[in-house]
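In my numbering, the protein residues as written are 306 to 626. Okay, structure first, notes after.
Dropping the structure here:
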């Protein structure tokens with residue numbers, strides 16, 4: 306049923322883009338409504354894109370376009386799922402605290418940002434360039450976000466193709482996954498009290514689609530996309546597989562005696578994963594998370610993943626240089 310809804314949404318997007326692509330090519334500007342509910346007039350095919358989060362980097366690189374500026378997730382680390390290409394972009398700070406002075410120096414003609422970290426700075430951002438804010442949290446929004454940004458960047462057909470291919474790949478991996486096992490899992494930020502993603506979160510949705518059973522459960526209506534889970538609660542739910550965002554060497558959760566009691570820890574099924582597991586809404590990230598998740602859940606069925614090799618299949622060769 307979920308796949309059917311996703312395909313219906315995709316076909317609707319195809320129809321919308323097909324009717325609007327010709328006029329979009331001729332227009333000098335487009336007006337889109339972002340996830341704040343704000344109508345924003347943006348340049349058609351902007352040349353200097355600044356990305357607050359990796360989402361716009363992900364979409365643009367998949368389209369063969371290199372942004373001029375980007376935030377980072379972890380200082381000093383260029384993400385493998387983007388082939389380290391962010392090193393050639395102006396670094397404008399951590400995604401939760403972008404440096405507005407450095408952003409201004411990049412002279413963007415479009416700013417694409419993660420909504421929850423930037424709505425407070427909206428007036429300053431809007432003075433620099435048209436500013437679009439997306440939620441970038443849930444799989445239900447991923448197709449729409451990719452299609453809309455691809456249209457803005459002048460390549461609507463490629464955006465539709467990326468969405469279609471992902472839905473086909475997700476259906477294929479789901480069909481090949483074992484039907485008699487449903488490993489309990491959690492995707493979390495480490496810490497004294499880990500923060501785990503609800504099933505609607507993009508990465509968690511992908512793992513659940515191929516048979517995983519998310520111990521964090523579903524979102525409450527109108528609630529957040531994740532929840533604090535104490536290690537005591539985690540022990541009660543006892544995940545068999547843990548995906549932990551690798552944000553650096555500090556891992557205080559491992560110092561708690563309860564940690565050693567978890568089945569995932571006992572069975573060595575704790576995986577410290579890369580930036581794509583948090584910034585999953587772009588076309589490159591979600592394809593890689595799908596493959597990594599399948600291997601980690603069912604290592605006897607799906608092969609190990611070379612993240613850079615998978616990214617190189619999607620990012621055109623001309624922007625890999």
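Built from N, CA and C at the ideal position, the CB exists for glycine as well.
Beta-carbon separation (whole angstroms), residue i vs residue j, contact threshold 8 Å
i, j, result
"residue 417", "residue 360", "7 Å"
"residue 501", "residue 531", "6 Å"
"residue 562", "residue 496", "No, residue 562 and residue 496 are not in contact; Cβ-Cβ is about 16 Å, not under 8 Å."
Cross-strand partners of residue i (DSSP beta bridge)
i, result
"residue 377", "399"
"residue 348", "334"
"residue 279", "Residue 279 falls outside the range modelled here, since the chain spans only 306 to 626, and no answer is possible."
"residue 417", "356 and 437"
Nearest neighbour of residue i, chosen from the options [CA to CA]
i, options, result
"residue 487", "338, 603 and 568", "603"
"residue 382", "464, 394 and 476", "394"
"residue 357", "402, 597, 502 and 485", "402"
"residue 565", "551, 537 and 346", "537"
"residue 442", "589, 585, 606 and 451", "585"
"residue 430", "509, 405, 449 and 567", "405"
"residue 523", "587, 509 and 573", "509"
"residue 560", "400, 498 and 611", "498"
"residue 469", "482, 451, 481 and 484", "451"
8 Å Cβ cutoff met for residue i and residue j
i, j, result
"residue 545", "residue 569", "yes"
"residue 367", "residue 593", "no"
"residue 512", "residue 490", "yes"
"residue 575", "residue 549", "yes"
"residue 458", "residue 514", "no"
"residue 614", "residue 625", "no"
"residue 378", "residue 408", "no"
"residue 364", "residue 588", "yes"
"residue 386", "residue 612", "yes"
"residue 507", "residue 447", "yes"
"residue 348", "residue 371", "no"
Cβ neighbours of residue i in the same chain (closer than 8 Å, five flanking residues each side left out)
i, result
"residue 328", "In this prediction, residue 328 has a pLDDT of 45, which is less than 50 and means its spatial position is unreliable; nothing more can be read from the coordinates."
"residue 352", "414"
"residue 411", "353, 355, 373, 374, 395 and 397"
Residues near residue i in its chain [Cβ-Cβ closer than 7 Å; skip 5 each side]
i, result
"residue 341", "420, 424 and 438"
"residue 609", "600"
Same chain only: Cβ atoms within 6 Å of residue i, ignoring 5 sequence neighbours per side
i, result
"residue 316", "With a pLDDT of only 47 at residue 316, under the threshold of 50, the placement of this residue in the model should not be trusted; the figure read from the coordinates follows. Contacts found: none."
"residue 375", "356, 362, 391 and 394"
"residue 330", "Model confidence at residue 330 stands at a pLDDT of 49, short of 50, so the residue's coordinates are unreliable; what they give is reported in the following sentence. Cβ within range, chain order: n/a, list empty."
"residue 547", "491, 569 and 575"
"residue 621", "369"
"residue 534", "499 and 501"
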